[in-house]
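Engineer:
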Amino acid sequence: MLAIIPCSRSLTKTLLKPLVRTLSISPSRLQVRSMAESASSPFKKIQIQRDDTIFDAYVVGKEDAPGIVVVQEWWGVDYEVKNHALKISQLDPGFKALIPDLYRGKVGLDVAEAQHLMDGLDWQGAVKDICASVNWLKANGSQKVGVTGYCMGGALSIASSVLLPEVDAVVAFYGVPSSELADPAKAKAPVQAHFGELDSFVGFSDVTAAKALEEKLKASGVPYEVHIYPGNGHAFMNRSPEGIQRRKGMGMPDEDEDAVGLAWSRFRAWMSCYLSP
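The sequence shown: position 203 = 203 (our numbering), numbered continuously.
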């Protein structure tokens, strides 16, 4: 039986500290940069309220298109998650993509910073941010709304399929939520999930975690697909020049454009199927 990591803090310490040691990053690098003014065209910066909290979000795409909430990696709202959102908005037949800023304007520029930020994330609060984002899209022209995410965002995407009845479909990339946050066996929205065969984050996004997720989704009774890409590691969807360089610096040199294209094709088909009016 797969041992699921019980919380985000344990996840960080168990999975990522060896990586930090490998890269020899000093604790003095734990600095945070603001992304508050970095959103530029074609993104529109908006503010969303949930409970007594207001947070920034970034929107791109046709006003009346089906909506997709795009959830960040552990880095924060950086260039790569914006690349993904822009790509999603351009997929046929067209989607409106919204990125909620879970870190409230902060972004990590190296592994230690990203670890520090994810370590302090309120995961239940992040799910509430996703819920508010889904509701904003439905109140602003999107009849149906899906959720997608990468790494940390992938885990939160699957959690949203369990915890948020407002969500109509989910596509998650290389991340499984902790058992304390959400049990995928209780998923209520269709889930498609993508993993790299060489992913080494044990219990979170490796092949064992992927297969355990598949068994959970089978028990849930919802439509599901779990895809494992041979020869690919973690974060294989990050294909910008900056993203490729960052992956290589983290010991992930694999480059497989065919796998990325196949994953996007599966993403488009899944969201088109379940988000069509």
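All C-beta atoms in this analysis are idealised placements derived from N, C-alpha and C, irrespective of residue type, glycine included. The structure presented is a predicted model; accordingly, all values stated were derived computationally and were not measured.
Am I right that alanine 176 and serine 157 are in contact with their C-beta atoms under 8 Å? What's the rounded C-beta distance?
Structural biologist: The amino acid at residue 176 is misidentified as alanine; the sequence shows valine. Actually they do not touch by this definition, with Cβ atoms about 10 Å apart.
Engineer: For histidine 116, does the three-state DSSP call read helix, strand or coil?
Structural biologist: In the structure shown, histidine 116 sits in a helix (DSSP, three-state: H, G or I).
Engineer: Assuming glutamine 192 is part of the alpha helix (DSSP H), what are its boundary residues?
Structural biologist: Counting along the chain, glutamine 192 falls outside any alpha helix (DSSP H), though it belongs to the beta strand (DSSP E) covering 191–196.
Engineer: Can you tell me which of Leu109, Ala189 and Leu213 puts its alpha carbon nearest to the alpha carbon of tyrosine 274?
Structural biologist: Tyrosine 274 has its Cα closest to that of Ala189, out of Leu109, Ala189 and Leu213.
Engineer: Count the other CB atoms within 10 Å of the CB of serine 142; is the residue buried (16 or more) or exposed (fewer)?
Structural biologist: Under this definition serine 142 is a buried residue.
Engineer: Taking the C-alpha atoms as reference points, what is the distance between arginine 246 and threonine 148?
Structural biologist: C-alpha separation (whole angstroms): 22 Å.
Engineer: Could you tell me the boundaries of the beta strand (DSSP E) in which lysine 44 lies?
Structural biologist: 44–50 is the span of the beta strand (DSSP E), which, as asked, contains lysine 44.
Engineer: Is it a yes or a no for the region 79–97 touching the region 229–246, going by three-plus beta-carbon pairs under 8 Å?
Structural biologist: The answer is yes - the region 229–246 touches the region 79–97, with three or more Cβ pairs under 8 Å.
Engineer: Can you check DSSP and say which residues form a bridge with threonine 292?
Structural biologist: With the chain represented from 1 up to 277, any question about residue 292 goes unanswered, as that position is not in the structure.
Engineer: In angstroms, rounded to a whole number, what distance separates the CA positions of alanine 159 and alanine 126?
Structural biologist: The alpha-carbon atoms of alanine 159 and alanine 126 are separated by roughly 10 Å.
Engineer: So, is proline 277 buried or exposed, given that buried needs 16 or more other C-beta atoms within 10 angstroms?
Structural biologist: Exposed, since its Cβ has fewer than 16 Cβ neighbours within 10 Å.
Engineer: Between the Cα of alanine 132 and the Cα atoms of Val222, Ala235, Ile54 and His227, which residue gives the shortest distance?
Structural biologist: Nearest option by C-alpha distance: Ile54.
Engineer: Considering Cα atoms alone, identify which of Ala263, Ala139, Asp256 and Tyr174 is closest to tyrosine 150.
Structural biologist: Closest option to tyrosine 150, Cα to Cα, is Tyr174.
Engineer: Curious, which full-length beta strand (DSSP E) runs of at least 3 residues does the region 77–126 contain?
Structural biologist: If we require 3 residues or more, the beta strand (DSSP E) runs fully inside the region 77–126 come out as 96–100.
Engineer: Under the three-state reduction of DSSP, which class applies to glutamate 166: helix, strand or coil?
Structural biologist: Looking at glutamate 166 - three-state DSSP - the assignment turns out to be coil, as it is neither helix nor strand.
Engineer: Could you tell me the alpha carbon to alpha carbon distance between leucine 71 and glycine 154, rounded to whole angstroms?
Structural biologist: Here the sequence assigns valine to residue 71, which means leucine is not the residue at that position. Looking at the two C-alpha atoms, the distance is approximately 7 Å.
Engineer: In chain order, what residues of the same chain lie with their CB nearer than 6 Å to the CB of glycine 67, ignoring the 5 residues before and after it?
Structural biologist: Answer for glycine 67: Lys96, Leu137, Ser142 and Val145, listed in chain order.
Engineer: Could you have a look at alanine 259 and say whether DSSP puts it in helix, strand or coil?
Structural biologist: Note: alanine 259 maps to helix in three-state DSSP.
Engineer: Over what stretch of residues does the alpha helix (DSSP H) that includes glutamate 242 continue unbroken?
Structural biologist: Where glutamate 242 is concerned, the enclosing alpha helix (DSSP H) stretches over 241–249.
Engineer: Alpha carbon to alpha carbon, how far is glycine 233 from aspartate 92? Give it in angstroms, no decimals.
Structural biologist: Approximately 27 Å between the Cα atoms of the pair.
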